[in-house]
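Below is one structure, written out as structure tokens; comments come after it.
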Amino acid sequence: MVEINLAYCDERTLMEAAEHFKREGSMQLLEFLTPKALEKFQNMKWRHVYVPMKYSYRFVAAPKIPWFSDFVSHIIGGPINVKLSCLSFAHGDYSVLYDSLKPGKGYAIMLDINDFPESWGGYTVFMKGSKEVVRVVPKRNSLTIVNQNNLKSFHKYVNHHAKYPRIFLYGIAVPK
Amino acid sequence: MWINQKYLNKIPQLKTQFALNKPFPHLILHDFFSSKIEAVAAALLKEKFHELNADLYQFQQTGDCKKATQSAVKAFHKFFSSKEFIQLISKITNTKLKWIDMSGFIYGDTDYLLPHDDRLSGRKIAYILNLSKGFTKTDGGALQFFKGSKIVKSIPPAFNTFTIFKVSPKSMHQVQEIMSDKKRLSFAGWFHG
């Protein structure tokens, strides 16, 4: 069972998070899961996907988290559908803004499992045209939600200084 | 004299080799320029470089070298953009070429250029002249050619190696990440039709 930090079950905290998200269009919740829940993301059997001019990363189906959609719905302010995958970006992995990439719809959800220093690359950048509008630098056990309507995103190349991969749950939440 | 005499004596062979090379037409010409290129490399380091950082790349680049401040770089650009040199490359590549652009590049630790094919209106032949010394395989910085999703050719950044290739839907290539403190110095750009 993947369990949430009980602090985020408090109605007042949830309301504040929802207000922040409405105001800013993005938000990050730290210490999101219980420490035990993080152990679920170790020793995964990754599958590599590689299209050189588009992306290189590894993925695996995410563990089922029954409460997750409801929680994100509270923050976003309406019912959503979200399907999560577990992604890993190791040295040499990346995704780019390739020509046929369409602007995003809905909300990008990232639940980072480990810290990942910005100097290693691997962070997620959201662009509006040629302007960077949000940069998500992975923090251990953090949930990030970004309203990605009309934004395109990429994952910065992970360089040789990276000591381990960036591992995170990733999904797009679409209003029902 | 800018070009190493040994190459001027075998233009027909170069033309044949260019067309035959796989995975797309190209040539790798070691010691292509005369020893004058040593002074050009030293002068290039005195030009102003700008840091560029995006999804596809991370490196330092000068403006177009037609606006170079160093006399040795200006002189090299003058030769490289001359009618005679462009005609020579036209002959080798069997492609009608009209003009060039040229920038200087420095790739330092963790810098890279991800896979792309260079296709943009007017670009016919891409070129890279490497001007760094002492690179080994573990330093990275190789120019790498793809066939599908596989790297099939890796060209280490050796001093005074001039690489040209035909820009086409097949010309997917990348510059491997630099994995040491060494600096990969080069000129690169395109011959336009």
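Residue numbers (my numbering), protein chains in the order written: chain F, 118 to 293; chain H, 456 to 648.
Each residue gets a CB set at the ideal place from its N, CA and C atoms; glycine is no exception.
| Check | Outcome |
| --- | --- |
| Based on the DSSP secondary-structure assignment, which residues constitute the bridge partners of threonine 241 of chain F? | F:Val253, F:His272 |
| Would you grab the beta carbon distance between glycine 595 of chain H and glutamine 631 of chain H for me? Rounded to a whole angstrom, and I think it's under 8 Å. | 5 Å |
| If the cut is a Cβ gap below 7 Å, which residues of chain H does asparagine 276 of chain F touch? | Thr565, Glu632 |
| Mind listing which residues of the stretch 137 to 169 of chain F have their C-beta closer than 9 Å to chain H's C-betas, in chain order? | Tyr167, Val168, Pro169 |
| For a quick check, are the C-beta atoms of arginine 252 of chain F and threonine 241 of chain F less than 9 Å apart? | yes |
| Can you tell me the Cα-Cα spacing of leucine 204 of chain F and glutamate 128 of chain F, whole angstroms? | 30 Å |
| Considering Cα atoms alone, identify which of F:Val263, F:Leu214, F:Gly209, F:Phe185 is closest to histidine 237 of chain F. | According to the sequence displayed, residue 237 of chain F carries tryptophan and not histidine. Nearest C-alpha to tryptophan 237 of chain F: F:Gly209. |
| Can you find the residues in the same chain that come closer than 8 Å, C-beta to C-beta, to methionine 144 of chain F, ignoring five residues on each side of it along the sequence? | Ala134, His137, Phe138, Ile192, Thr261, Ile262 |
| So, is the C-beta of phenylalanine 600 of chain H closer than 9 Å to a C-beta in chain F? | no |
| Return the bridge partner residues of histidine 647 of chain H from the DSSP annotation. | H:Trp554, H:Arg578 |
| So that I know if they touch, is there some Cβ in chain C lying closer than 9 Å to that of valine 242 of chain F? | The structure shown contains no chain C; its protein chains are F and H. |
| Could you tell me whether the Cβ of leucine 214 of chain F comes closer than 9 Å to any Cβ of chain H? | yes |
| Please confirm whether threonine 524 of chain H and lysine 503 of chain H have their CB atoms less than 9 Å apart. | yes |
| Would you say glutamine 460 of chain H reaches chain F, if we count a Cβ-Cβ gap shorter than 9 Å as a contact? | no |
| Compare the C-beta of proline 570 of chain H against all C-beta atoms of chain F and say whether one is closer than 9 Å. | yes |
| With a cut-off of 9 Å, does the C-beta of lysine 273 of chain F fall near any C-beta of chain H? | yes |
| Buried or exposed: which applies to tyrosine 462 of chain H, given that a residue is buried once 16 or more other Cβ atoms fall within 10 Å of its Cβ? | buried |
| Which of the three DSSP states, helix, strand or coil, is assigned to leucine 294 of chain F? | Since the first and last residues shown for chain F are 118 and 293, residue 294 of chain F lies out of range. |
| Going by the CB atoms, is the gap between histidine 272 of chain F and tyrosine 215 of chain F shorter than 9 Å? | no |
| For isoleucine 580 of chain H, tell me which candidate among H:Gly644, H:Asp636, H:Ala509, H:Gln468 has the shortest Cα-Cα distance. | H:Gly644 |
| Could you tell me how far apart the beta carbons of leucine 598 of chain H and isoleucine 606 of chain H are, in whole angstroms, since I believe they sit closer than 8 Å? | The Cβ separation is near 11 Å, so there is no contact. |
| Can you tell me the Cα-Cα spacing of cysteine 126 of chain F and valine 189 of chain F, whole angstroms? | 12 Å |
| Helix, strand or coil, according to DSSP, for methionine 634 of chain H in the structure here? | coil |
| Looking at C-beta atoms only, is the number of pairs between the stretch 459 to 476 of chain H and the stretch 582 to 592 of chain H that lie closer than 8 Å three or more? | no |
| Alpha carbon to alpha carbon, what distance is there between proline 480 of chain H and aspartate 572 of chain H? | 13 Å |
| Beta-carbon of tyrosine 211 of chain F versus every beta-carbon of chain H: anything under 9 Å? | yes |
| So the candidates are H:Ala527, H:Lys533, H:Asn476, H:Asn585; which of them puts its Cα closest to the Cα of lysine 621 of chain H? | H:Asn476 |
| Take methionine 456 of chain H as the anchor and find which of H:Ala474, H:Lys491, H:Lys465 has the nearest alpha-carbon. | H:Lys491 |
| What separation, rounded to the nearest whole angstrom, lies between the Cα atoms of tyrosine 281 of chain F and glutamine 515 of chain H? | 27 Å |
| Report, in whole angstroms, the separation of the C-beta atoms of methionine 170 of chain F and proline 570 of chain H, which I expect to be a contact under 8 Å. | 5 Å |
| Using only CA atoms, which one of H:Arg578, H:Lys501, H:Asp636, H:Leu500 lies nearest to tryptophan 554 of chain H? | H:Arg578 |
| Taking only runs that begin and end inside the stretch 461 to 512 of chain H, name each unbroken beta strand (DSSP E) of 3 or more residues, in chain order. | 481 to 484, 505 to 508 |
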